[in-house]
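Numbering (UniProt numbering), first residue to last: 1 to 201.
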């Protein structure tokens, strides 16, 4: 009787574990910080979590969460990452179409396509590329910054240049004092936002 009951329990546990739906996005915690605030009653502790979420099919998002408990901070960061989700335009081999670079604060990153070499990158670049499903790239953090949050934001800004929301204004040449000057490219999320901003004075 005891053996039969144990078998039934094991079967129910297996069925319940198999019945659980898989999460929509995989997650990777980049950094957890404990923040201390001094108030009149003493010290209050809170936690700040930075994580990245992706589906390994070209979608990636960075999220931040703050709360008095680590689990609550993680949940907030996950929701924030889903709100900031970006769809990348990758090649058929799941690589990036061209070289991208970005700078955030003191962090500077360069990501280049590298056919047939696999994922040649370290730390934050590798974690974000894995969750986005990116392959065959070389990523380098050129600055000496060890701030994972700033490095991750620089990586996300670089990858945003190959996203579906990224547009470019075609550079035009203008004449200033009988000299032709080329206007540099401006990168914006939506070209319509510039038109709206131009109409407001």
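Think of the CB as a built atom: it goes at the ideal place given N, C-alpha and C, for glycine as much as any other residue. Small disclaimer: the values here were computed from a predicted structure and weren't measured.
Q. Hey, residue 151 and residue 124: beta-carbon distance below 7 Å or not?
A. Locating residue 151 in the chain shown gives position 151, where the first residue counts as 1. Locating residue 124 in the chain shown gives position 124, where the first residue counts as 1. Taking 7 Å as the Cβ cut-off, residue 151 and residue 124 qualify as a contacting pair.
Q.
So, for residue 156: in the same chain, excluding its five sequence neighbours on each side, which residues have a beta-carbon less than 6 Å away from its beta-carbon?
A. Position 156 of the chain shown, counted from the first residue, corresponds to residue 156. 62.
Q) Since residue 94 and residue 128 are thought to touch, with beta carbons under 8 Å apart, how far apart are those beta carbons, to the nearest angstrom? A) What you label residue 94 is simply residue 94 of the chain shown in a count that begins at 1. What you label residue 128 is simply residue 128 of the chain shown in a count that begins at 1. Their Cβ separation, rounded to whole angstroms, is 14 Å, which puts residue 94 and residue 128 out of contact at 8 Å.
Q.
If the criterion is Cβ atoms closer than 7 Å, does the pair residue 113 and residue 141 meet it?
A. Start at 1 with the first residue of the chain shown, and residue 113 comes out as number 113. Start at 1 with the first residue of the chain shown, and residue 141 comes out as number 141. Taking 7 Å as the Cβ cut-off, residue 113 and residue 141 do not qualify as a contacting pair.
Q) DSSP puts residue 31 in a beta bridge; with which residues? A) Within the chain shown, residue 31 is the residue found at index 31, counting from 1. Per DSSP, 50.
Q | Pair within 7 Å by beta-carbon distance, residue 148 and residue 64 | A | Sequence index remark: in the chain shown, residue 148 carries index 148 (1-based). Sequence index remark: in the chain shown, residue 64 carries index 64 (1-based). Their beta carbons are not under 7 Å apart, which means residue 148 does not touch residue 64 by this criterion.
Q: Grab me the residues of residue 27's own chain with a C-beta within less than 6 Å of its C-beta, minus the 5 sequence neighbours each way, in chain order.
A: Looking up residue 27 in the chain shown gives position 27. Closer than 6 Å at Cβ, skipping near neighbours: 51, 53.
(Q) Extract the residue ranges of the alpha helix (DSSP H) inside the stretch 90-169, only unbroken runs of 4 or more that lie entirely within it. (A) 123-132, 148-160
Q: Rounded to whole angstroms, what's the CA-CA distance from residue 145 to residue 71? Just pull it up for me.
A: Here the question's residue 145 lines up with position 145 in the chain shown. Here the question's residue 71 lines up with position 71 in the chain shown. If you take the alpha carbons of residue 145 and residue 71, they lie about 28 Å apart.
Q.
Let me check understanding here. Comparing Cα to Cα, which of 57, 68, 41 lies closest to residue 34?
A. As a position in the chain shown, residue 34 is number 34, starting the count at 1. Closest option to residue 34, Cα to Cα, is 68.
**Q.** residue 77, DSSP secondary structure in three states
**A.** Indexing the chain shown from 1 puts residue 77 at position 77. Helix.
Q | Where the beta strand (DSSP E) containing residue 67 begins and where it ends | A | Counted from its first residue, the chain shown places residue 67 at position 67. Its beta strand (DSSP E) spans residues 59-67.
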